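Notes for the one structure printed next.
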Amino acid sequence: MYQNPKNMPSYYEQQLRELQDLFLQYRNYMQNLESKITNLKNENSQLRSQLQQLQHSKTTPRLNPPQVRAPPQQTYSPQPTYKQQTYSPQQPIQANVNDNGARKNKRKCPRCGAMGFAIKEFEDKNRIISYIPRRIYAIKKVCTKCFNEF
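In terms of our numbering, the sequence shown opens at residue 21 and continues consecutively.
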């Protein structure tokens, strides 16, 4: 491995010096890290104490001195009478029906506004609604125009 035996001790000494330098660098690095850790722990404890103070001040209601109230006087008040409304044929009945006959739960893409057959529905196997009597999966809709899943 080494052809010249005179260089062997100097090589080991050089390796030893390099290792000592690396060890010193390692120690300095560890000391820096430890100081940073202690600083961060102190900052963390300060922030936690501030958080607890804020939560405590938020949850503690301010107490007002009790006020003396007079007992309510019990008086008799007659119950109101309601008029009965009768159906008269002159009044037209208005139904909530759209003139165009469109359904309210029509499939519509929230991103591009595509409707009808442009929206495909399929079962979302990740969301199970019921296990019994058989598995029922949630319905997922996908727009075929913009590929938006909703």
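For glycine and all other residues, C-beta sits at the position ideal for the given N, C-alpha and C.
Predicted model only: the values in this text are computed from it and were never measured.
Cα separation between N64 and L39? 37 Å
Let me make sure I understand the geometry here. Which of G136, I159 and N168 has the alpha-carbon closest to that of R147? I159
For D144, which option in K56, K161 and I152 has the closest C-alpha, if you only look at C-alpha atoms? K161
For F18, does the three-state DSSP call read helix, strand or coil? There is simply no residue 18 to check, as the chain begins at 21 and stops at 170 in what is shown.
Go ahead and pull the three-state DSSP assignment for N146. strand
State the start and end residues of the unbroken beta strand (DSSP E) segment that holds A158. I156 to C163
Note down, in chain order, each residue of its chain lying with its Cβ closer than 6 Å to the Cβ of C166, except the 5 sequence neighbours on either side. R131 and C132
Three-state class that DSSP yields for I57 in the structure shown: helix
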